[in-house]
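Single-structure report; data block below.
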Amino acid sequence: MLSYRHAYHAGNHADVLKHVVWCEILRYLAQKDKPFYVQDTHAGAGLYDVSSEMMQKKQEYISGAVPLMRNAAGLQSSLLQNYVDIVRGFNPDTDDLQTYPGSPSIAQKFLRVQDRLLLTDLHGTELPQLKALFKGDKRVSTRQADGYEVMISALPPKEGRGAVLIDPSYEVKDEYQTLPNRLGKALTRFPNGVYAIWYPVLGRTRTESFIKQLSLIIKSKNTKNSMATLRAELNVSPDREEGFGMVGSGMFIINPPYTLKADLDLAMPELLTNIAPQTGRFIIEENK
Ligand SMILES: C[S@@+](CC[C@H](N)C(=O)[O-])C[C@H]1O[C@@H](n2cnc3c(N)ncnc32)[C@H](O)[C@@H]1O
197 MLSYRHAYHA
207 GNHADVLKHV
217 VWCEILRYLA
227 QKDKPFYVQD
237 THAGAGLYDV
247 SSEMMQKKQE
257 YISGAVPLMR
267 NAAGLQSSLL
277 QNYVDIVRGF
287 NPDTDDLQTY
297 PGSPSIAQKF
307 LRVQDRLLLT
317 DLHGTELPQL
327 KALFKGDKRV
337 STRQADGYEV
347 MISALPPKEG
357 RGAVLIDPSY
367 EVKDEYQTLP
377 NRLGKALTRF
387 PNGVYAIWYP
397 VLGRTRTESF
407 IKQLSLIIKS
417 KNTKNSMATL
427 RAELNVSPDR
437 EEGFGMVGSG
447 MFIINPPYTL
457 KADLDLAMPE
467 LLTNIAPQTG
477 RFIIEENK
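Residue numbers (this note's numbering): 197 to 484.
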C-alpha cells in the first residue's frame, strides 16, 4: 500500500523547481493560438491548504515557495517572477502563502477555451478533491488510473502539440525502471511532445544512473535527431549517501521550449540564492 501524500511536501524546494519549469512550458505552449494538450500523469490533489494538518506537519513550504514570494520585488528572472505571480494569484487577499497550487491548478491557469488537460492519479485519496476542483471545467478530465498507461493510450493527442508532466513519488524502487520504459513507448507515439520528468536526488549514484537510462531511451527513439533535452537540478544540501532523505531534485525535459535554457541560466542562480545560498548548488545540462 502506497502512502505518499503530496500535501506533506507542497510548496517545498522541489515543488518550486518543478512548478517554475512547468509554468514556463505552459506559457510557451499558450503563445500560439493553436490548441494544445496537457497531461499530468501523477496529478496529486491539485491544490493545497497551507493551514492543513498535513502541510503544517513539516512546513516544507517555508524554505521553498515562501522565500521567493517574500523576495518577489527583487527577482530578476522572468521565470521566477512568472511563477510567483501564478502562486500569488491563488492568494489574492494576502501577502502570506495560504493556498499552494499543485501542478493541475497551475496548468488550468494557462488553458484557453481550445486547450485540454488530462489528470490522472492512481490513489483514491487524492481523487475526490481533484474531481471537485475541476468539476464544470469542460477542458479538464480527471481519472483514477495508472498515469503511465493513460499516457501511452492517450498519445498522440489530436492537437498535435502538447506537454506531459511525469511526476511520480518514487515510493517504489521499480519507478526508476518503469518510468524510462513507459517514456520510451510514449516517445514512439508522440515524438514531438514536450515531456517534463521530475526526479529526486537521494543519492548521486542512483540519480546519475537514472539520467543515463533516460538518455539511452531517448537516444534509441531519436532516429530523426530532432529531440533535444535539458536537465535542471537544484540541490539544497551537499550529496550524501542514499537513505538520509532528499538533498535536491531535478527536472529532465525532452523537447524543451528553445528559450528555456537561457531562461534557466538566469533563474537557477537566483533560485539558489533564495532557497539554499550556503549549502546548495545547481546543475544545468543541455543536449541538442
Ligand atoms: C509527487 S505527487 C504529484 C504532485 C503534483 N504533480 C504536483 O506537482 O502538484 C505524486 C502523485 O502520484 C500518485 N501516483 C503514484 N503512482 C501513480 C501512478 N502509477 N499513476 C498515477 N498516479 C500515481 C500519488 O498518489 C501522488 O499523488
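Backbone N, C-alpha and C fix where the C-beta goes; we use that ideal spot for every residue, glycine too.
By DSSP's assignment, ASP245 forms a beta bridge with THR295. Here ARG436 is exposed: its Cβ has fewer than 16 other Cβ atoms, across all protein chains shown, within 10 Å. Rounded to the nearest whole angstrom, the C-alpha separation of ALA359 and ASP461 is 22 Å.
In the structure shown, the three-state DSSP call for GLU437 is coil.
Rounded to the nearest angstrom, the gap between the Cα atoms of VAL262 and THR419 is 43 Å. For VAL397, the closest alpha carbon among the candidates SER405, TYR391 and MET250 is that of SER405.
DSSP lists no bridge partner for PHE330.
Counting other Cβ atoms within 10 Å of its Cβ, PHE440 stays below 16 and is therefore classed as exposed. In the displayed model, TYR200 falls within coil according to three-state DSSP, outside both helix and strand. GLU355 sits in coil when the DSSP states are folded into three classes, being neither helix nor strand.
Closer than 7 Å to some heavy atom of ligand 1: that describes the Cβ of LEU318.
By the C-beta criterion, the segment 351-365 is judged to be in contact with the segment 213-232, since at least 3 inter-stretch pairs fall below 8 Å.
Between LEU456 and LEU430, the C-beta spacing is not below 8 Å.
Taking non-hydrogen atoms of ligand 1 into account, the C-beta of LYS230 is found less than 7 Å away from none of them. By the neighbour-count definition (other C-beta atoms within 10 Å, threshold 16), THR290 is an exposed residue.
C-alpha of GLY298 to C-alpha of LYS484: approximately 30 Å in a straight line. Taken in chain order, the complete beta strand (DSSP E) segments of 3 or more residues contained in the segment 431-483 are 444-450 and 477-483. For ILE393, the uninterrupted beta strand (DSSP E) segment begins and ends at 390-397. Following the DSSP letters along the chain, one finds ARG400 inside the alpha helix (DSSP H) bounded by residues 400-417.
When the Cα atoms are used, GLU355 and PRO473 turn out to be separated by approximately 42 Å. Around the CB of TYR454, fewer than 16 other CB atoms lie within 10 Å, so the residue is classed as exposed. Relative to the non-hydrogen atoms of ligand 1, the Cβ of GLY260 never comes closer than 7 Å to any of them. The segment 376-393 makes no contact with the segment 265-276; the number of CB pairs closer than 8 Å stays below 3. When DSSP states are grouped into helix, strand and coil, LEU314 belongs to the strand group.
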